[in-house]
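Trainee: Here the sequence shown is numbered in the working numbering, starting from 14 and rising by one per residue. Below: one structure in structure tokens.
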Amino acid sequence: MSKSIDYYTKKTISSWDEVAPRHASTNATLFVDVADNRFNNLNPDFDALIDGYGVLHKSVVQVCCNNGVDLISIKNKGAGRCLGIDGSRAFVDQAIQLAQSSGHSGLEFCHSDIYRLPDLYRNSFDIAMITVGVFNWMPDLFKFMEICASLIKPGGVLLVEEIHPILGMYEQGEPSFIDASYFNTQPFKDTSGLDYFTNEKYEGKENFWFHHSLTDVFMAAIASNLQLEHIKELDYNIGNYCADLEFVENNPPLGINLAWRK
């Protein structure tokens with residue numbers, strides 16, 4: 014990694030702020046949808062993982078919460094205090110507005126670069142949660158995992174739903190194809206935009222993403238004294254990246270669910 018963590022995260026956060034209005038326009042019905050207390054934005058396997066651990070009356074923090082719809086889904090399951098953290102001011106603003114539409118109290122949102130998160134949230138939550146599309150934005154996965162673990166009370170859990178690391182080898186297309194080494198550790202620069210709902214390309218602000226192997230993910234968790242309790246690889250699209258691979262005969266894993274205990 015040739016530049017500082019701060020350099021990469023500032024670039025990426027600026028890109029997310031830029032795309033926020035596009036996402037809001039695409040998902041304009043969310044303000045009505047979240048008003049229904051049956052609203053659930055979680056993918057089926059992660060939904061089952063959440064239910065297996067149970068969130069009733071528990072405190073939950075979502076790291077990199079985007080517009081907060083997954084956290085609202087958790088609140089609808091009866092969770093207690095819920096905190097969403099995101100570096101994008103534009104998406105935090107959307108999350109606050111959607112939370113108001115949901116009618117729930119006990120939903121909080123913190124605008125912060127995760128690498129600069131204040132210490133006041135340490136050891137505060139029964140469950141920490143990460144959903145689709147977070148790891149690859151982290152220039153230092155070990156430091157990121159350490160911060161996630163620090164948020165959890167002793168005995169608490171970190172529940173993760175992520176795009177499978179093997180997709181880092183693929184270039185999206187029709188069809189998607191292998192275009193990179195699984196072991197490439199160099200930052201990937203992109204300026205084609207972050208509209209993963211419509212996949213419309215536009216001349217966007219420069220951002221950087223990072224490929225982290227399964228080894229990286231597991232070693233980062235081990236270094237943070239987290240113990241693996243669950244793993245499931247998924248054969249279906251969860252992140253709108255290389256979604257066509259779900260339907261090819263010899264398909265790779267597209268997603269992965271993980272649970273660690275502190």
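Virtual Cβ for every residue (Gly too), placed ideally from N, Cα, C.
Suppose contacts are defined by Cβ-Cβ distances below 8 Å. Is Gly-119 in contact with Gly-91 by that definition?
Mentor: Result no, Cβ atoms of Gly-119 and Gly-91 do not sit closer than 8 Å.
Trainee: Count the other C-beta atoms from every protein chain shown that fall within 10 angstroms of the C-beta of Lys-214, then say buried if there are 16 or more, exposed otherwise.
Mentor: Exposed.
Trainee: Round the Cβ separation of Ile-176 and Tyr-183 to the nearest angstrom and send it over; I've been treating them as touching at under 8 Å.
Mentor: With 8 Å as the limit, Ile-176 and Tyr-183 do not qualify as a contact, their Cβ atoms being about 10 Å apart.
Trainee: Does the Cβ of Asn-264 have 16 or more other Cβ atoms within 10 Å, making it buried, or fewer, making it exposed?
Mentor: It is exposed - the Cβ of Asn-264 has fewer than 16 other Cβ atoms within 10 Å.
Trainee: Between Tyr-66, Lys-166, Thr-22 and Thr-198, which has its C-alpha nearest Glu-242's C-alpha?
Mentor: Closest by alpha carbon: Tyr-66.
Trainee: Using the three-state DSSP reduction, which class does Gln-240 fall into: helix, strand or coil?
Mentor: Residue state, collapsed to three classes: strand.
Trainee: DSSP beta-bridge partners for Ile-18?
Mentor: In the DSSP output, where bridge partners are listed per residue, Ile-18 has none listed.
Trainee: Scan the stretch 144-184 and note each continuous alpha helix (DSSP H) run of 4 residues or more that stays entirely inside, going in chain order.
Mentor: You should have 154-164.
Trainee: What is the rounded straight-line gap between the Cα of Leu-172 and the Cα of Lys-16?
Mentor: So the alpha carbons of these two residues sit roughly 30 Å apart.
Trainee: Report yes or no: do three or more beta-carbon pairs, one from the stretch 107-119 and one from the stretch 82-89, lie closer than 8 Å?
Mentor: Yes, the stretch 107-119 is in contact with the stretch 82-89.
Trainee: With C-beta atoms as the reference, is Cys-78 less than 8 Å away from Ala-112?
Mentor: Cβ atoms of Cys-78 and Ala-112: not closer than 8 Å.
Trainee: Touch check for the stretch 27-40 and the stretch 93-106: three-plus C-beta pairs under 8 Å?
Mentor: Contact holds: three or more Cβ-Cβ distances are below 8 Å.
Trainee: Can you check the stretch 83-157 for any beta strand (DSSP E) of at least 3 residues that lies completely inside it and give the ranges in chain order?
Mentor: Entirely contained in the stretch 83-157, the beta strand (DSSP E) runs reaching 3 residues are, in chain order, 95-99, 120-124 and 138-143.
Trainee: Does the Cβ-Cβ distance between Phe-186 and Thr-204 come in under 8 Å?
Mentor: As written in the sequence, residue 186 is Gly, which differs from the Phe given in the question. No, the pair does not count as a contact, with Cβ atoms beyond the cut-off.
Trainee: Between which two residues does the beta strand (DSSP E) carrying Thr-201 extend?
Mentor: Reading off the sequence shown, one finds Phe at residue 201, where the question assumed Thr. Run containing Phe-201: 201-203, per the beta strand (DSSP E) assignment.
Trainee: Would Phe-196 be called buried (16 or more neighbouring beta carbons within 10 Å of its own) or exposed?
Mentor: So Phe-196 ends up on the exposed side.
Trainee: DSSP three-state call for Val-68: helix, strand or coil?
Mentor: DSSP places Val-68 in coil when its eight states are reduced to three.
Trainee: Which residue from Ile-179, Leu-239 and Phe-221 puts its Cα closest to that of Ile-160?
Mentor: The shortest C-alpha separation from Ile-160 is found at Leu-239.
Trainee: Quick one: Cα of Cys-123 to Cα of Glu-262, how far?
Mentor: Roughly 43 Å separates the two Cα atoms.
Trainee: For Glu-246, list the residues DSSP reports as bridge partners.
Mentor: Note: Glu-246 sits in a beta bridge opposite Ile-269.
Trainee: State the Cα-Cα distance for the pair Tyr-249 and Leu-55, rounded to the nearest angstrom.
Mentor: Straight-line Cα distance between these residues: approximately 14 Å.
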